[in-house]
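See below for the structure under consideration.
Residue numbers (this note's numbering): -11 to 789.
This is how it looks when you write it as C-alpha cells:
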C-alpha cells in the first residue's frame, strides 16, 4: 500500500469522537508531519553492535545495524511523504538542487564522542547527538525518492566540541586527526567521534549499481583535511566543519532583519552562498537547501534544544576572527582566545551580559563596585537573529527532528543524559511550529479535557501541564505531594519567534503511527491518533526537566520548597529567589529572567578556559577539571575570593534547592543535623542549611559522606596530582593522568591510619567543611583567607592551583 493511502478514509479536519466531544481535528497553521515507531527497533543498541563491527569485523552485527537503519528509513518515508502531501516541498527541493545548490544536512553534534576513541564502545556523546543512523536513512531517502546524487549533498556542523575532539584524538593517535575525521568517526586505524563513515558504508550497500555517484568519495578528504568549496567538490560527498572561518574567503557577513542582538552575522558560505555581486564566488558557493536534523533534548540554559536551537546556536561559527589582524586570536562568538575555541560564550545566552576583564578573566566592576552589564534580548534574540538572517538569504529549510529517543535531564556529553524512547520522527517547514508541538508533548501528562478545565478555572495561558513534585509542610517536616505545573506558563521563545517572522505557533499534525497502524492527528494542538472515528491522545509518561534549569523548568517544585521552609523555620529563601531573579516583580520567574549579574558569560569563560588547560601540558586534565569545578563555588560568596565577587550567588540558590530535591528522593530517612525534629529522605526534604552543606561538600569531596569520597572531586583531583607527581602514583596506581584507582583515596586513608607519611599537598576550604561525619580529612585546612579558600598547594607550597 502506498504511504499516502495508509490514512484510509481519514483526512485532516475530519470530525472525530474525543473526550471533549465530537470535534474537527486541526487543519490550519503549519503542517508538522510525523511517524511513530517502536523505538526498540530503531537505533537502540547500535553503539554496542558497532563496537563488534570495529573490533571484530562482525558481519552479523553490521547486518543488525543495517536492519535498524532500514526500519528508520521506512519511518522517515511516512513522515516526509506526509509532509510533501501538505506542502509540496519535494518540488522545491529538487528545483533548488538542480540549480546547483547543495543539499546540506545539519545534525546536532554538540559532543561528537559517540564512538569512544579508546574502547570503541558507546561514548558520552552517544545519547545527545543526532544519531548517525537517522542521517543515513535521510540521505538514502533524498537520494532514492528525489533522485539527488550523493555528491549533490553535504554534511555541515559547527559543533562546540569538534576542534577540541580533534586535538584529543590527535594526542591519542600521535598524528593529526582532523575535526572532519571526528565527524567521520574514523581516520585510518583510528576510530572515535560521530560515525559518518558508517553512513557512507550503509549508503554504498543500498546504492544501485547503475548509479555513478559514490557516497564513499570524500572520506579520504576528511581524513587528510582537504577543503573544497561546495561548487568545486566534484563527485565528493563532503563534510564541512562550519566553525572554520579563519580563512576569510569561506565566510560572509550578512544583515539581520530587525536584529535584536546583532545587526549582522558572519556565517559559512556553504549555508548562505557566495557574494551575490560576485559571479565567481557564487560558482564556488552556490548556496544550499538546509536539512536541519536536530536531536530533541531538554536544555540546560533554555527549555528545549530542537529545530530552533540547532540553527539558532548551532550555525554560529567558533573560529570566526573578531578582527582582520592575523595575530589576534579573539573570536566573534566563541571562547577562549586560543586555537581551539569551544563554547560560544560571546553569544548572549542571558539578557544581561557582563563585561569581562581579559587580563583577569573576571567580570569588570564600575567605580561603585557594580558589575558592568549590557541588557540584550538574551537567548531568544540570539537564536532569532541567525535564523532570520539565513531566511533572508533565501535558504529553503526542512526541519526533521530525531525524537526517537528524546533526551531528558541533560543536553551535554556529561554522562547523565537519559534516553526516553518516545519513538517519533517529526518533519516540518516551520521550526517554530515543530518545536511548539514537541514542547506541548513533553510538558503534558494529563488528558486534554482535564487540562482545558483547569486552564479555564485558573486562568492559565496553556492547558499543557504536567504532574510535578510539590513541597508542603507536615508537622515538623517538608514532604512531597503531587501538583501541576508547566514551563510553558513562563516561556516566550515561540511567541517571540512568531513576531520575528521565524514561523508560527499554530500547527496541525498528520502522519502515521506504525505501531498501531493508525493515522496521526492533532486536536486543539494535542497529539493523538485516529482509530476508526475516535481521537486517542498520545501522552508521555515522563517528567521532563533539566536540573541545571530547574528553577524555570520546575518552578513550582523549588519555590514551594522555599515557601514551606520559610514558614517552618523563619528563613527568607523565597525572598532571595525573587530578589535575585524576578525583575518585573510579578511573582513569576520566566525564562528571560535569569539574574542580573551576567552569570552565563563568565560560566562559559570558566568552562572554555578549563578545556584549554585540559589540553595543555602535563596533568592538564586534572588541573582543568579543578579549575572548572572550583570557580563557580569560589565566586558564589563574596568572602570566598579576594575581589568580593558573588556573580554565582543567585544561580547557587537554585543548585542548593535542586540538591534538596535530590536528597528528598533518598531511599532511607535520616535526621536533619541542622533543624531539630526534621527528617530527610523518602519524600521528605532536608533543611536549607543541610542541603547547602551537602551540596558544597559534594563539590569538595564528591559526596557528603566519608564512604563516598571521590577522586573526581576537588579534593580528589588535588590528591591524584600530588600522588602522581610526588609519590610515583603509589595510591592511584599510575602516573598517567587518565588512570587512577577509584579506591585510591580510601587506600590513602588506610595507609595513614597505619603510620604512613601524608602527601605534601594542602586543600583549603571554608570554615565548617573540613570534616565528613567522623572523618577528619587529611591534607585539608579550614581558612577564612579569601586568597586561599578553594585553592590547593603542592610540594610544600611551591605550586598552587
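Glycine included, each C-beta is placed from N, C-alpha and C at the ideal position.
Item to check | residue 276 (DSSP reduced to helix, strand or coil) | outcome: Residue 276 falls in the strand class under three-state DSSP.
Checklist entry - Do three or more CB pairs link the segment 500 to 517 to the segment 696 to 708 at distances below 8 Å? => result The segment 500 to 517, when compared against the segment 696 to 708, does not touch it at the 8 Å Cβ threshold.
Next on the checklist: For residue 41 and residue 122, what's the separation of their Cα atoms in angstroms?
Outcome noted: So the alpha carbons of these two residues sit roughly 19 Å apart.
Checklist entry - residue 773 to residue 313, Cα distance in whole Å? => result Rounded to whole angstroms, residue 773 to residue 313 spans 42 Å at the Cα level.
Checklist entry - From 259, 245, 676 and 484, pick the residue whose C-alpha is nearest to that of residue 92; which is it? => result With distances taken between CA atoms, residue 92 lies nearest to 259 out of 259, 245, 676 and 484.
Checklist entry - Which residues in the same chain have their Cβ closer than 8 Å to the Cβ of residue 557, if we skip the five residues on either side of it in sequence? => result Contacts found: 663, 675 and 676.
Item to check | residue 119 versus 272, 394 and 657, residue with shortest Cα-Cα distance | outcome: The residue among 272, 394 and 657 with its C-alpha nearest the C-alpha of residue 119 is 394.
Item to check | CB contact flag (residue 801, residue 291, <9 Å) | outcome: The question about residue 801 has no answer here: the residues shown for the chain are numbered -11 through 789.
Item to check | Residue of 427, 341, 375 and 366 minimising C-alpha distance to residue 396 | outcome: For residue 396, the nearest C-alpha among the options comes from 427.
Next on the checklist: Between the alpha carbons of residue 769 and residue 729, how many angstroms are there, rounded?
Outcome noted: Whole-angstrom Cα-Cα distance: 25 Å.
Checklist entry - Buried or exposed: where does residue 404 fall if 16 or more other Cβ atoms within 10 Å of its Cβ makes it buried? => result Burial call: exposed.
Next on the checklist: Threshold first: 4 residues or longer. Then list the alpha helix (DSSP H) segments lying entirely within the segment 718 to 756, N to C.
Outcome noted: Every alpha helix (DSSP H) stretch that sits fully inside the segment 718 to 756 and reaches 4 residues is listed by chain position as 732 to 741.
Next on the checklist: Would you call the segment 582 to 591 in contact with the segment 649 to 658, where contact means no fewer than 3 C-beta pairs closer than 8 Å?
Outcome noted: The segment 582 to 591 vs the segment 649 to 658: no contact.
Checklist entry - Just to confirm, are residue 760 and residue 661 a CB contact at a threshold of 9 Å? => result Not closer than 9 Å, so no.
Checklist entry - Would you say residue 138 and residue 191 are within 9 Å of each other, going by their C-beta atoms? => result Going by beta carbons, residue 138 and residue 191 fall inside the 9 Å limit.
Item to check | Same chain, Cβ closer than 7 Å to residue 514, five either side skipped, listed in chain order | outcome: If we look at residue 514 and ignore the five residues flanking it on each side, its Cβ neighbours are 436 and 525.
Checklist entry - Do residue 384 and residue 75 come within 9 Å of each other at the CB atom, strictly closer than that value? => result No, Cβ-Cβ distance for residue 75 and residue 384 is not below 9 Å.
Checklist entry - Should the segment 306 to 326 be called in touch with the segment 232 to 246, which here means at least 3 C-beta pairs below 8 Å? => result Yes, they touch.
Checklist entry - By the 10 Å Cβ neighbour count, where 16 or more other Cβ atoms means buried, how is residue 783 classified, buried or exposed? => result It counts as exposed.
Checklist entry - Is it right to say residue 778 is buried, meaning 16 or more other beta carbons lie within 10 angstroms of its own, or is it exposed? => result Buried is the call here.
Next on the checklist: On the DSSP bridge list, what partners appear for residue 241?
Outcome noted: DSSP lists 254 as partners of residue 241.
Checklist entry - Three-state secondary structure (DSSP) at residue 52? => result DSSP places residue 52 within a helical segment (H, G or I) once states are collapsed to three.
Item to check | Nearest candidate by alpha-carbon position, reference residue 135, set 278, 645 and 82 | outcome: Among 278, 645 and 82, the Cα nearest to that of residue 135 belongs to 82.
Next on the checklist: Going by DSSP, what residue range makes up the beta strand (DSSP E) through residue 616?
Outcome noted: Residue 616 -> not in any beta strand (DSSP E); alpha helix (DSSP H) instead, spanning 608 to 622.
Checklist entry - So does the segment 108 to 117 actually touch the segment 368 to 377, counting three or more Cβ pairs closer than 8 Å? => result Not touching, per the Cβ criterion.
Next on the checklist: Beta-carbon within less than 7 Å of residue 552's beta-carbon, same chain only, minus the 5 sequence neighbours each way: which residues are those?
Outcome noted: For residue 552, where only same-chain residues beyond five positions count, the Cβ hits under 7 Å are 459, 460, 461 and 466.
Next on the checklist: Quick check: what's the CA-CA separation for residue -11 versus residue 69?
Outcome noted: With a pLDDT of only 40 at residue -11, under the threshold of 50, the placement of this residue in the model should not be trusted; the figure read from the coordinates follows. When rounded, the separation of the alpha-carbon atoms in residue -11 and residue 69 is 13 Å.
Checklist entry - Once you ignore the five residues that flank residue 114 on each side, which residues in its own chain have a CB closer than 6 Å to its CB? => result Residues of the same chain with a CB within less than 6 Å of the CB of residue 114, apart from the 5 flanking positions on each side, are 35 and 102 in chain order.
Item to check | C-alpha distance - residue 633 paired with residue 569, whole-angstrom precision | outcome: Straight-line Cα distance between these residues: approximately 18 Å.
Item to check | Residue closest to residue 284, alpha-carbon to alpha-carbon, out of 425, 273 and 250 | outcome: Ranking the options by Cα distance to residue 284, first place goes to 425.
Checklist entry - For residue 482, which residues of its own chain have a beta-carbon under 7 Å away from its beta-carbon, when the five flanking residues on both sides are left out? => result The beta carbon of residue 482 is closer than 7 Å to those of 420, 423, 424 and 493 in its chain, skipping five residues each way along the sequence.
Next on the checklist: Using CA atoms only, rank isn't needed, just tell me which of 297, 176, 195 and 223 is closest to residue 212.
Outcome noted: For the residues 297, 176, 195 and 223, the minimum Cα distance to residue 212 belongs to 176.
Item to check | N- and C-terminal bounds of the alpha helix (DSSP H) containing residue 97 | outcome: Here residue 97 belongs to no alpha helix (DSSP H), and DSSP marks it neither H nor E.
Next on the checklist: As an exercise, report each continuous alpha helix (DSSP H) stretch of at least 4 residues that is fully enclosed by the segment 335 to 423, in chain order.
Outcome noted: Contiguous alpha helix (DSSP H) elements confined to the segment 335 to 423 occur at 366 to 380, taking only those with 4 or more residues.
Item to check | Opposing strand residues paired with residue 473 [DSSP bridges] | outcome: Answer by DSSP bridge pairing, in chain order: 454.
Next on the checklist: Threshold first: 3 residues or longer. Then list the beta strand (DSSP E) segments lying entirely within the segment 102 to 165, N to C.
Outcome noted: Entirely contained in the segment 102 to 165, the beta strand (DSSP E) runs reaching 3 residues are, in chain order, 141 to 145.
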